[in-house]
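J.: Just so we're aligned: 203 in full-length UniProt numbering is position 203 of the sequence shown, and the numbers increase by one with no gaps anywhere. Idealized CB from N, CA, C, for every residue including glycine.
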Amino acid sequence: MRLTLKIWRQENASAPGALQTYDLDGVSADMSFLEMLDVLNEKLQGEGQEPVAFDHDCREGICGACSLMINGEAHGPEVTTTCQLHMRSFNDGDTITIEPWRSDAFPVVRDLIVDRSAFDRIIQSGGFISANTGSAPEANSVPAPRDKAMRAFNVATCIGCGACVAACPNGSASLFMGAKITHLGELPQGQPERYSRVVDMVAQHDHEGFGGCTNIGECTSACPKEIPLDVISQLNKDLRDAMRMGL
Ligand code: SF4
Ligand code: FES
Numbered sequence: 001m002r003l004t005l006k007i008w009r010q011e012n013a014s015a016p017g018a019l020q021t022y023d024l025d026g027v028s029a030d031m032s033f034l035e036m037l038d039v040l041n042e043k044l045q046g047e048g049q050e051p052v053a054f055d056h057d058c059r060e061g062i063c064g065a066c067s068l069m070i071n072g073e074a075h076g077p078e079v080t081t082t083c084q085l086h087m088r089s090f091n092d093g094d095t096i097t098i099e100p101w102r103s104d105a106f107p108v109v110r111d112l113i114v115d116r117s118a119f120d121r122i123i124q125s126g127g128f129i130s131a132n133t134g135s136a137p138e139a140n141s142v143p144a145p146r147d148k149a150m151r152a153f154n155v156a157t158c159i160g161c162g163a164c165v166a167a168c169p170n171g172s173a174s175l176f177m178g179a180k181i182t183h184l185g186e187l188p189q190g191q192p193e194r195y196s197r198v199v200d201m202v203a204q205h206d207h208e209g210f211g212g213c214t215n216i217g218e219c220t221s222a223c224p225k226e227i228p229l230d231v232i233s234q235l236n237k238d239l240r241d242a243m244r245m246g247l
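Set out below in structure tokens:
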């Protein structure tokens, strides 16, 4: 395949950025999107040019690092992570525009890399659960209904990639936060701090500059782990209950 790539280049957070155009030949349909960028970077380095900075770690759809806006869609045309996206989703002769996540709360570090540490601070603000340390307790000593355990398990698959924020016209992190709130709120172990947790996480979310949710639903459409929109209902319900308690 022969491609035209329009890639956002930006030296650092305070420097102005711009799209630059690169022609790339010899791309196989079996390559992953990140392997295609590796080929581009080898070519650029061979020509004495600066390679394109982009984030990645596991390349297995687990870590959530590979945050790229591809042709205006978070993680591109498939519902998956960028590292699991393959070039067979594109055609010979295509022009592909590649940008970093767009959100005030995710400042650009360089080129396609953004700083997603705001997510870490939201998680930190939620604190710990009240579980005793020591040897593992007997598994059946804290019964959890199967439907709640399965829901907690399913929403715990959120990898913190930030695609929900990038896709949301409001730049809201409500789907991410709702996944974490629901994950812990469904289980007995998460009950002691359930309501203080939601208050603290929402306060940190707003402090970081993420926007509010207006139920548009772009977040769940873009989510590579298919986190459902109703986790935001759970988040709002827990927040309302916390306010009734005066928290
Ligand atoms: S909710 Fe989905 S899109 Fe948002 S951070 Fe988690 S895995 Fe990524
Ligand atoms: S590099 Fe880890 S999810 Fe893509």
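Are the beta-carbon atoms of VAL231 and ALA179 separated by less than 7 Å?
T.: Yes, they are a contact pair.
J.: I need the straight-line Cα distance from GLU73 to ALA136, nearest angstrom please.
T.: Spanning the two alpha carbons is a distance of roughly 43 Å.
J.: Assuming contact is defined by CB atoms lying nearer than 7 Å, are GLY162 and ARG194 in contact in what I supplied?
T.: No, the Cβ-Cβ distance between GLY162 and ARG194 is not below 7 Å.
J.: So the alpha helix (DSSP H) ILE122 belongs to, where does it begin and stop?
T.: Unbroken alpha helix (DSSP H) run through ILE122: 117-126.
J.: What do you reckon, are the CB atoms on LEU5 and VAL27 nearer than 7 Å?
T.: No, these two residues do not count as a Cβ contact at 7 Å.
J.: Counting beta carbon pairs with one atom in the region 139-153 and one in the region 43-51, are three or more of them shorter than 8 Å?
T.: No, the region 43-51 is not in contact with the region 139-153.
J.: Just to confirm, does GLY178 get its C-beta within under 6 Å of one of the non-hydrogen atoms of ligand 2?
T.: Incorrect: GLY178 has no Cβ contact closer than 6 Å to ligand 2.
J.: Quick one: what does DSSP say ARG110 is sitting in, helix, strand or coil?
T.: The answer is strand: DSSP assigns ARG110 an E or B state.
J.: Check LEU3 in the structure and name its three-state DSSP category.
T.: LEU3 falls in the strand class under three-state DSSP.
J.: Just the C-alpha distance for LEU24 and LEU40, rounded to the nearest angstrom, thanks.
T.: Roughly 7 Å between the two C-alpha positions.
J.: What's the call for PRO224, buried or exposed, on a 16-neighbour Cβ count within 10 Å?
T.: Buried, by the Cβ-count rule.
J.: Let me check one thing: in DSSP terms, what residues is residue 256 bridge-paired to?
T.: In this structure the chain extends from 1 to 247, so residue 256 is not present and cannot be described.
J.: What residue range does the alpha helix (DSSP H) around GLN20 cover?
T.: No alpha helix (DSSP H) contains GLN20, which is instead part of the beta strand (DSSP E) from 18-24.
J.: Assuming PRO192 and SER141 make a contact with CB atoms under 8 Å, what is their CB distance in whole Å?
T.: About 16 Å separates the two Cβ atoms, so there is no contact after all.
J.: Please return the same chain residues whose Cβ sits closer than 8 Å to the Cβ of MET245, not counting the five positions on each side in sequence.
T.: The answer, listed in chain order, is TYR195.
J.: Using a Cβ distance threshold of 8 Å, determine whether the region 61-78 contacts the region 88-96, with at least three qualifying pairs required.
T.: Because the criterion of three Cβ pairs below 8 Å is met, the region 61-78 and the region 88-96 touch.
J.: Run the proximity test for ALA65: is its beta-carbon closer than 6 Å to any non-hydrogen atom belonging to ligand 2?
T.: For ligand 2, at least one heavy atom lies less than 6 Å from the Cβ of ALA65.
J.: Going by beta carbon distance, what residues of the same chain come within less than 6 Å of GLY211, once the five residues before and after it are set aside?
T.: For GLY211, where only same-chain residues beyond five positions count, the Cβ hits under 6 Å are ASN170, GLY171, SER172.
J.: Measure how close the beta-carbons of GLY126 and MET201 come, nearest whole angstrom, since I'm counting them as under 8 Å.
T.: Yes, they are in contact, since the Cβ atoms of GLY126 and MET201 sit about 5 Å apart, within 8 Å.
J.: What do you reckon, is the C-beta of LEU85 under 6 Å from a heavy atom of ligand 1?
T.: No, the Cβ of LEU85 stays beyond 6 Å of every heavy atom of ligand 1.
J.: When you compare each of ILE227, ALA15, PRO228, VAL199 to ASP238 by their alpha carbons, which one comes out closest?
T.: ASP238 has its Cα closest to that of VAL199, out of ILE227, ALA15, PRO228, VAL199.
J.: By the DSSP assignment, the beta strand (DSSP E) with GLU99 in it spans what residues?
T.: 95-99 is the span of the beta strand (DSSP E), which, as asked, contains GLU99.
J.: For a test of the three-state rule: what should DSSP assign to ILE159, helix, strand or coil?
T.: Residue state, collapsed to three classes: coil.
J.: Per DSSP, ALA74 is paired with what?
T.: Answer by DSSP bridge pairing, in chain order: MET69.
J.: Got a sec, what are the start and stop residues for the alpha helix (DSSP H) HIS207 sits in?
T.: Looking at the DSSP string, the run of the alpha helix (DSSP H) that includes HIS207 is 194-207.
J.: Check whether the Cβ of GLY162 lies closer than 6 Å to any heavy atom of ligand 2, and answer yes or no.
T.: Because no heavy atom of ligand 2 lies under 6 Å away, the Cβ of GLY162 does not count as near it: no.
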